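**Student:** Sharing a structure with you now.
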Amino acid sequence: MAAISPANATTAASLSLPQFSSTSSSLSSSSSPSFLNFKTASVSNRCVKCGVRSLENHSGHRSLDFLSNGDPISLINPNSSSPITMAAATSESGSKSSKRVCLFHSDETRDLAERIVAKSDCIELRSINWKKFDDGFPNLFIQNAQGIRGQHVAFLASFSSPAVIFEQLSVIYALPKLFVSSFTLVLPFFPTGTSERMEDEGDVATAFTLARILSNIPTSRGGPTSLVTFDIHALQERFYFGDTILPCFESGIPLLKSRLQSLPDSDNISIAFPDDGAWKRFHKQLQHYPTIVCNKVRMGDKRIVRIKEGDAEGRHVVIVDDLVQSGGTLIECQKVLAAHGAAKISAYVTHGIFPRSSWKRFKLDTKGYYNHYTNVLNQSKQSHASFFAMWLKSWFSFLSVMQVIPRKV
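Structure, rendered in structure tokens:
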């Protein structure tokens with residue numbers, strides 16, 4: 016392929032080019048060379064702009080720029096529909112518009128990972144052998160480790176109990192060191208988030224401890240690890256992480272808003288916060304709805320829930336909080352809201368923990384007590400997602416954050 020520089024540019028000239036084959040992705044020499052006729056449109060110190068008048072077997076006017084001291088260029092008819100041109104354009108467009116992500120997962124998040132992959136063509140499911148030695152310590156193996164070199168890698172974690180954190184951290188620390196382009200840790204629930212401060216000398220803020228552990232994840236080729244978590248208990252926990260990890264705080268509230276807007280009584284909805292902490296955490300995201308704020312007050316030896324502000328009379332009230340443990344606060348809020356004339360009561364929490372089967376405290380309420388949950392929660396061997404879908408489908412509306420996670424990996 017010949018190249019042109021300003022020094023040898025003339026007003027009119029011809030270039031002898033190798034013949035272009037429509038059945039090959041490369042230019043091959045031919046005994047019958049093609050000729051390019053052009054005339055110089057302008058000349059500068061670095062560039063000659065030429066107007067192409069004809070190319071053998073191709074009509075029409077083309078405009079080309081030839082850079083001085085640059086690499087030779089190939090000529091492709093922009094209007095051509097040849098397979099080579101179309102394939103090249105498709106490949107270039109695809110590479111710019113999307114990236115392939117290799118998604119690994121813990122043993123507990125397998126179900127969620129499979130559904131995420133089913134929703135996105137750009138995510139490929141990868142697997143890990145989660146075994147144990149006879150002494151109980153993890154015996155782990157990342158399958159096809161060489162196959163993820165140069166790839167974008169994500170890990171879907173679940174720190175559901177202290178017993179599973181070490182084995183997952185072992186994998187989380189290993190993946191970025193396999194020469195991957197980038198590493199994203201998706202930890203939907205930050206389990207120590209409620210232990211973020213000290214109330215007395217000697218208290219241990221375990222949220223800071225876990226943040227420090229995650230801050231020591233090795234960097235990948237692309238730089239620091241990205242950490243995606245949903246509705247962390249306190250936003251100031253962002254500053255517990257070091258400079259070697261990039262926390263990305265997501266929320267399930269947009270899913271709730273989308274669901275509420277689709278309800279037939281969407282114009283009669285009020286949002287109730289069970290305490291001032293929930294109000295501070297979420298009221299700005301739900302400011303378009305009338306709000307009710309509850310709080311706990313001490314009456315003798317008991318703590319009862321009261322309405323601090325707002326009116327529940329005749330309204331469909333949705334209780335919103337970031338997580339639920341035993342469910343006692345939700346139940347007490349439901350009682351006080353019903354006593355103040357709420358027409359219907361629902362509840363939304365991003366993380367349903369329910370230790371020791373405390374979900375059994377919720378009874379089917381035929382008067383219309385609906386509960387909205389997402390599956391960003393403490394996973395068990397039988398995931399809460401499947402639990403809600405199969406057992407409580409008649410009264411639990413299920414919102415899934417698998418719509419959000421693919422956009423973050």
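Quick note on numbering: the sequence shown equals residues 16 to 424 in the numbering used here.
Don't be surprised by glycine CBs; every beta carbon is placed ideally from N, CA and C.
From a predicted model like this one, the values you see are computed outputs, not experimental measurements.
Under 8 Å, do D326 and A293 count as touching if we go by C-beta distance?
**Tutor:** no
**Student:** So for N283, helix, strand or coil by DSSP?
**Tutor:** helix
**Student:** Can L127 and N144 be called in contact, C-beta distance under 8 Å?
**Tutor:** no
**Student:** How far does the alpha helix (DSSP H) with Y188 in it reach, from first residue to last?
**Tutor:** 177-189
**Student:** Classify F204 as helix, strand or coil using the three-state DSSP reduction.
**Tutor:** coil
**Student:** Helix, strand or coil for F245? Go by DSSP, reduced to three states.
**Tutor:** Looking at F245 - three-state DSSP - the assignment turns out to be strand.
**Student:** Which residues in the same chain as Y304 place their Cβ atom closer than 7 Å to its Cβ, once the five residues preceding and following it in sequence are excluded?
**Tutor:** The answer, listed in chain order, is I284, S285, I286.
**Student:** Contact check, I322 vs I307 under 8 Å by CB: the rounded distance?
**Tutor:** 6 Å
**Student:** In chain order, what residues of the same chain have a beta carbon less than 7 Å from the beta carbon of C348, not counting five sequence neighbours either side?
**Tutor:** A287, P289, C309, V320, I334
**Student:** Judging by CA-CA distance, which residue of L200, R376, S197 is the nearest neighbour of Q340?
**Tutor:** Here the closest residue by C-alpha is R376.
**Student:** Between which residues of its own chain and S230 is the CB-CB distance below 6 Å, once the five residues before and five after are set aside?
**Tutor:** F256, G257, T259, I260
**Student:** Name the residue from A172, K317, T240, L193 whose alpha carbon lies nearest to the alpha carbon of T199.
**Tutor:** Measuring from the Cα of T199, the nearest candidate turns out to be T240.
**Student:** How long is the line joining the alpha carbons of I187 and D280, rounded to whole angstroms?
**Tutor:** 45 Å
**Student:** Report the residue from L250, E265, S277, T221 whose alpha carbon sits nearest the alpha carbon of L242.
**Tutor:** Per the C-alpha coordinates, the member of L250, E265, S277, T221 positioned closest to L242 is E265.
**Student:** Excluding five sequence neighbours on each side, which residues of the same chain lie with their C-beta closer than 6 Å to the C-beta of A354?
**Tutor:** Scanning its chain for C-beta atoms nearer than 6 Å, with the 5 sequence neighbours on each side dropped, one finds no residue around A354.
**Student:** My assumption, with CB atoms under 8 Å, is that A249 sits in contact with E211. Please give the rounded CB distance.
**Tutor:** Taking 8 Å as the upper bound for CB-CB distance, A249 and E211 are in contact here, some 5 Å apart.
**Student:** Identify, in the order they occur along the chain, each residue of the same chain with its Cβ nearer than 6 Å to the Cβ of L301, setting aside the five sequence neighbours on each side.
**Tutor:** I286
**Student:** Where does the unbroken beta strand (DSSP E) through W294 begin, and where does it stop?
**Tutor:** For W294, there is no enclosing beta strand (DSSP E); the residue is found in the alpha helix (DSSP H) stretching over 291-297.
**Student:** Let me confirm a value: S136 is counted as buried when at least 16 other C-beta atoms fall within 10 Å, else exposed. Which label applies?
**Tutor:** The question names Ser, but residue 136 in the sequence shown is Asp. So D136 ends up on the exposed side.
**Student:** Using the Cβ count rule (16 or more neighbours within 10 Å means buried), how would you classify T344?
**Tutor:** buried
**Student:** What does the Cβ neighbour count give for K359, buried or exposed, with the cut at 16 atoms within 10 Å?
**Tutor:** In summary, K359 is buried, with 16 or more beta-carbon neighbours lying within 10 Å of its beta-carbon over all protein chains present.
**Student:** Apply the 10 Å Cβ neighbour rule to R236 and answer buried if 16 or more other Cβ atoms are within range, or exposed otherwise.
**Tutor:** exposed
**Student:** For V132, I'd like the list of residues in its chain whose CB is within less than 8 Å of its CB, leaving aside the five on either flank, ordered along the chain.
**Tutor:** L118, I138, E139, L140
**Student:** DSSP three-state call for C137: helix, strand or coil?
**Tutor:** coil
**Student:** With DSSP as the reference, label T224 as helix, strand or coil.
**Tutor:** Note: T224 maps to helix in three-state DSSP.
**Student:** For L225, collect the residues of the same chain with a Cβ closer than 6 Å to its Cβ; drop the 5 residues on either side in sequence, then sort them by chain order.
**Tutor:** T207
**Student:** Check I163 in the structure and name its three-state DSSP category.
**Tutor:** helix
**Student:** Under the three-state reduction of DSSP, which class applies to S373: helix, strand or coil?
**Tutor:** Of the three classes helix, strand and coil, the one that applies to S373 here is helix, per DSSP.
**Student:** Starting from T344, follow the alpha helix (DSSP H) in both directions and report where the run begins and ends.
**Tutor:** 343-354
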